[in-house]
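Residue numbers (the numbering used here): 877 to 1810.
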């Protein structure tokens, strides 16, 4: 090969008695000349690139090279300076032969890959190879496996320029560590090697001299506690390492504690993760500057003894921001030990103690600590199958405390202790009890017990009886609170009852309240508590009730009390139902509520002519928001409504979605909108506006100078109406949200919208899903998106993006100033060859948090490309790949990439081509992978 440049591949084996030469034509091989003419070793004159025009490969396996044959082989290889891949596997080279080959490496300038599998190399030979790794700074990776199947694979990158070679010592290392990562990232992997303490010492002494080393992977090496302890002492000397992995190694409980303590030994460590006492991952940051630390020790068999050992470690770490001890055996005693240390922990930190065998007694002890320990700000606990326990610590002295308890199966004695503990917590701001076995009597005791000196207090109770008890009983329960009631929320569908109150309480004499009501009448109706309730509702500003079927008596009781709430500003009765008499009472009472600002009757059954409700809106000068979504409004109702809207000068928000609005209704509505100078949000989605109606709305748009949100989704709007509307947006300088999905507006509308978008400087959300675009339309849109870096969310789902559209998005979306946080490309017909450039493009959007690529035709090639770029996407939280063609191979690569992606919360892989047993295995290995539909 050194004499004939046309040979690009040599494959020879004595064992198989075979030799194969692969040649190419003279013109193709023109670049494959000896070193003097093909390569320039001075990278300063070549821009740092040293690549042969044609790859040249030598594969000499199963030849059993010995003595003089090995010497002659090395002499021949030394002359093959243009070889790019060299495979010398299964040649019984031993340590001596492997090292002789290693001595050739400085002379093989074009070499990119060297394989030396199955050559009977010992641990001593491996260490001498590691020294080569340290000496040859262009060697990018070394993989050594000394188990039953011996593997040795080295890869090489570009050469270091001669100017760099003259720099020595620490300054040389600083220069190498500061060069671009894409050139000098170096990885070392050692697998299935039995190492004692001396071996660990030798290995890490050599590795510590490797400049640019970014990843170290030790897999299946049977490291004992002493070896791990010794290994960790070397970490401060690794200036460039980003990830240390110790996998497939059984750690003792003491070893887990040693790994946790590494954050105190090396200030560059930002994350320690130990899973199932077998796999450990240590992540590093570039500098020792203040950096939040995350420590996750999950499924490691940690009990009380280990907690005793861990607590002093965590107390020393003043940067600990997250501690995850889920899936261990902490129990009540371990939790008690941990809670004893909380007062000495003066750092903001989130503690996760899920699935640790904690009972009701442990939770009650936690509630006591929550009430008395000033730096415990939040506790979320559940004893159901989720077995969740989250504790949030803060630094401030008097935080606003939040407590949430779910499915704890409390008995009456437990609830009594809980009420007693929480009654002493004057900093409590939010308490939620969900399905804890709390009956009505216990709820009354709790509401009487909870109080604070000043500020707001929210109490939420979610129990099955909330669905069944009458409105009268629930209002009577609300009257038991100790403060001024500011809001009452009832959601029958969730069995949730919430009372919000303010302290200190401003009392009004009961006599003055009673005098406004007829006491005998109250007794006859069984609502003697109403004066007490009204007394506490002088500051009530919001009533939010959902999924309530009002009887006439209940509707009458509510109607009697509404006029006595002088501060009421918000009335929400969503998904509720009224009989005609009850609705008449309510409409009459609403007519007397002159301070009301927000009305929401969406999805309700009003049981009468809606005209009475429209009449009740007359004179509501303070009204700012109206939501009548999903009400069956006739043209007469719309005409009646628009006549009332015209006398509401402060109206900012109008929701009329799913109201059967047609073109004629839009004509009346448009006249009102022209004068709605304060209108900020208008939602007319899921109606039948069509082109005629949208043209009427378009005429009002230029007058709505304050409008920020417009939703016209699913309105049967065509190209003509769409073009008319988008042209009207030219002067909507405050527009932040524009939703036109589900309208067949086509490319022509997109071409009209494109020049308008750059003038909408505040636009953040753009939804154009299922709008009949093809690749030409998307190309037109993509070109202007470059001039709209402020956009945070884009939906182009259910459009035929095509190859050209995907390439255009890949080219124009990425830019340093991009604010894009979410992109939806669902059901766009994307395939592997189309997606690669797109994935690379969106990966360069620095703030991207959510990518939706579900229901496409993406396979493993796309998964591999995603796995490659995910570690660079620091802000990404959600990746949706549901219903694609990804197999187990692609899923495994995504799983591997997740080890370097601490910010990602979920990758969805439902309905791909992944066997169920593989799904279960990967799910156990990486809980952030989701294979279920929900």
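Beta carbons are placed, not taken as given, at the ideal position from N, Cα and C, and that holds for glycine.
**Asked** What does DSSP give as the partner residues of residue 1147 in its beta bridges?
**Response** 1159 and 1170
**Prompt:** Which stretch, first to last residue, makes up the beta strand (DSSP E) that contains residue 1062?
**Reply:** 1062-1067
**Message:** Using C-beta distances below 8 Å, list every residue in its chain close to residue 1178, excluding the 5 sequence neighbours before and after it, in chain order.
**Reply:** 1129, 1132, 1186, 1201, 1204, 1205, 1206 and 1210.
**Item:** residue 1181 in three-state terms, based on DSSP
**Value:** helix
**Message:** Distance check for residue 1410 and residue 1389, CA to CA, integer angstroms please.
**Reply:** The pLDDT assigned to residue 1389 is 44, lower than 50, so where the model puts this residue is not dependable; a value taken from the coordinates is nonetheless given after this. Answer to the nearest angstrom: the Cα atoms are 7 Å apart.
**Prompt:** By the 10 Å Cβ neighbour count, where 16 or more other Cβ atoms means buried, how is residue 1758 classified, buried or exposed?
**Reply:** buried
**residue 1444 beta carbon less than 7 Å from that of residue 1469** = By the CB criterion at 7 Å, residue 1469 and residue 1444 fall inside the cutoff.
**Asked** Going along the chain, which residues of its own chain have a beta-carbon closer than 6 Å to the beta-carbon of residue 1094, five neighbours each way excluded?
**Response** 1066 and 1122
**Prompt:** Going along the chain, which unbroken runs of the alpha helix (DSSP H) with 4 or more residues stay wholly within the region 1607-1662?
**Reply:** For the alpha helix (DSSP H) assignment, the uninterrupted runs of no fewer than 4 residues enclosed by the region 1607-1662 are, from N- to C-terminal side, 1622-1629 and 1651-1661.
**Message:** Give me the residue from 1256, 1593, 1536 and 1658 with the minimum Cα distance to residue 1510.
**Reply:** 1536
**Asked** residue 1373 bridges to which residues according to DSSP?
**Response** 1337 and 1366
**Request:** Measure the Cβ-Cβ separation of residue 1582 and residue 1624 and say whether it is below 7 Å.
**Result:** no
**Request:** Buried or exposed for residue 1637, please, with buried defined as at least 16 other CB atoms from any protein chain shown within 10 angstroms of its CB.
**Result:** exposed
**Item:** C-beta atoms of residue 1150 and residue 1134 nearer than 7 Å
**Value:** no
**Asked** Rounded C-beta distance between residue 1640 and residue 1667? I'm assuming under 8 Å.
**Response** Contact holds; Cβ gap of about 6 Å.
**Asked** Taking buried to mean at least 16 other C-beta atoms within 10 Å of its own C-beta, is residue 1014 buried or exposed?
**Response** buried
**Request:** Pick helix, strand or coil for residue 1031, following the three-state DSSP scheme.
**Result:** Three-state result, residue 1031: strand.
**Request:** Measure the beta-carbon distance from residue 1696 to residue 1724 and round it to whole angstroms, keeping in mind my assumption that it falls under 8 Å.
**Result:** 6 Å
**Request:** Can you tell me the Cβ-Cβ gap for residue 1684 and residue 1655, rounded? I've got them flagged as a contact below 8 Å.
**Result:** That belief holds up - the Cβ atoms of residue 1684 and residue 1655 are roughly 4 Å apart, short of 8 Å.
**Message:** Let's test the definition: count the other Cβ atoms within 10 Å of the Cβ of residue 1810 and tell me whether it reaches 16, buried, or not, exposed.
**Reply:** exposed
**Item:** Contact check, residue 1078 vs residue 1009, beta carbons under 7 Å
**Value:** no
**Rounded C-alpha distance that separates residue 1225 from residue 984** = 53 Å
**Limits of the unbroken beta strand (DSSP E) element including residue 1585** = 1585-1587
**Message:** Considering just the uninterrupted stretch of the alpha helix (DSSP H) at residue 1132, what are its terminal residues?
**Reply:** Run containing residue 1132: 1129-1141, per the alpha helix (DSSP H) assignment.
**Cβ shell of residue 1357 (< 6 Å), same chain only, five flanking positions each side left out** = 1323, 1375 and 1377
**Continuous alpha helix (DSSP H) stretch holding residue 1324: start and end** = Per DSSP, residue 1324 is one residue of the alpha helix (DSSP H) stretching across 1316-1325.
**Request:** State yes or no: is the C-beta of residue 1647 within less than 7 Å of the C-beta of residue 1621?
**Result:** yes
**Close Cβ partners of residue 1082 (< 7 Å) along its chain, the five nearest in sequence each way excluded** = 1003, 1006, 1007 and 1010
**Message:** Tell me which residues share the same chain as residue 932 and place their Cβ nearer than 8 Å to its Cβ, disregarding the 5 neighbours each side in the sequence.
**Reply:** Within the same chain, 877, 883, 884, 885, 908, 956, 958, 959, 960, 961 and 986 come within 8 Å of residue 932 by CB-CB distance, once the 5 residues on both sides are set aside.
**Prompt:** Between the Cα of residue 1230 and the Cα atoms of 1172, 1716 and 1414, which residue gives the shortest distance?
**Reply:** 1172
**Prompt:** Could you give the residue range of the alpha helix (DSSP H) that holds residue 974?
**Reply:** In the DSSP assignment, residue 974 falls within the unbroken alpha helix (DSSP H) covering 970-978.
**Environment of residue 1074 [buried if 16+ CB atoms lie within 10 Å]** = exposed
**Request:** List the endpoints of the continuous alpha helix (DSSP H) containing residue 1078.
**Result:** 1073-1083
**Message:** Quick check on residue 1236: does DSSP put it in helix, strand or coil?
**Reply:** helix
**Prompt:** Which residue spans inside the region 1753-1790 form an unbroken alpha helix (DSSP H) run of at least 4?
**Reply:** 1764-1774
**Item:** Continuous beta strand (DSSP E) stretch holding residue 1683: start and end
**Value:** Unbroken run through residue 1683 is the alpha helix (DSSP H), 1678-1688; no beta strand (DSSP E).
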